[in-house]
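The structure appears below as structure tokens.
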Ligand SMILES: *Cc1c(COP(=O)(O)O)cnc(C)c1O
């Protein structure tokens, strides 16, 4: 490892020397950079030989030093001290949003908090706990692993997996007392058989497809489907649900049709003498907009995180975004007029600016497609992001011309920068970013949660 580091140092210092020679003499054309490069390669090869000769046995101890790893484990630094870019989650906002939902839907209707995809990037365990403290009684996840993660954190509330799981995972479903969704007869029978063999009766919800055409038993077959399996000792129907395709759009014929089909299927199920258990249909948009979709329970994802499913809900409920994305400046410099910044010089300095670098990039969810098209907030002022967004770094411009209205801003390494969030009445929203990118806030929240550490407030 040492060998490699020395070579890198040698290489860059040699480059610096040659380049400074270039600027001093002002004769760049005399220097053949490609020859230089080949010379560098030869040097690297010459120096790298001892490293290449290193055996696996030599390398192993330094690569896997378990004692050192154990010590590292113990250093529990909060996210902003490990890396100067992080996601902040405001648990009070999650509480506020669930209370706003409760106020909107009224009493007597259960709330299922949807915490799939690591709670839309907000952190499943913490969000689930906060949701259960704020009036939610049920949790919803997308797969077995997400359910197990909550159980292993000691969460005991009922957890619905919103889809069927692979049949191989049924033992886990039963062991962790997760409630699977049933959409096919094959899965129903496999679940019933295994539960029965274990002396259990497996709780499940039936998903009815009322027009989304994604998953679910066709609405006209639902009652027959249930009648076929209702005899089964190993199966315990605890709920029936559907999902709307267009609840976030302006009043549509399709939405009403889905609701009508769901009601018809429910009538048929009850007519056969089958108790459907908990009936639910509404996601955030439907729950906020349509009382007739509430039934026994609403499934709330996006709104709990303080985001609006569409313009249609903005005036109906007061939501507070729980996620903000923050960073600290890692480098700041003035760049002379005309000089390019970042990959491919997609921006050139207009002069009288500072260029500040923050350690967040498209690898963290800050889409490269936003390059030169977004602002960040620095000391209460919007500053344009400039240059191509890199995988791990992003640059922005701080105007150094001062006026009476905008006195010159000083910038130092370590100063905080807001990438998403609100400060002093100005908002940098996932909604705006999503609109720029032709996607939805859901996707952006998920992506910011994938790599950045989270700081809980
Ligand atoms: C994700 C999901 C929800 C939550 O939707 P939001 O729009 O985030 O409230 C509800 N129901 C199902 C079946 C889902 O997959």
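Residue numbers (the numbering used here): 161 to 617. Cβ coordinates follow ideal geometry from the N, Cα and C atoms, glycine included.
query                                                                                         : result
Identified DSSP bridge partners for residue 457                                               : 270, 440
Residue 587 versus residue 241: straight-line alpha-carbon distance, rounded                  : 25 Å
Residue 185 versus residue 280 - alpha carbon distance                                        : Confidence in residue 185 is poor, its pLDDT being 43 and thus under 50, which makes the residue's placement unreliable; the coordinate value appears in the next sentence. Using only the alpha carbons, I get a separation of about 56 Å.
Residue 606 (DSSP reduced to helix, strand or coil)                                           : helix
Inter-residue spacing [alpha-carbon to alpha-carbon] between residue 494 and residue 557      : 10 Å
CA-to-CA distance, residue 487 to residue 268, given in whole angstroms                       : 42 Å
Distance, residue 543 Cα to residue 376 Cα                                                    : 48 Å
Residue 574 beta carbon less than 9 Å from that of residue 537                                : no
Limits of the alpha helix (DSSP H) - the one that residue 304 falls within                    : 304-312
Cβ-heavy atom distance, residue 416 to ligand 1, below 8 Å                                    : no
heavy atom of ligand 1 below 8 Å from residue 403 C-beta                                      : yes
Pair within 9 Å by beta-carbon distance, residue 348 and residue 609                          : no
Buried versus exposed, by CB contacts within 10 Å (16 or more), residue 341                   : buried
Beta-carbon proximity list for residue 446, same chain, < 6 Å, skipping 5 on both sides       : 404, 407, 453
Residue 466 vs residue 257 beta-carbon contact at 9 Å                                         : yes
Per DSSP, cross-strand counterpart(s) of residue 244                                          : Paired residues: none, contrary to the question.
The region 378-396 contacting the region 353-368, beta-carbon criterion three pairs below 8 Å : yes
DSSP bridge partner residues for residue 550 (one or two, in chain order)                     : In DSSP, residue 550 forms no bridge with anything.
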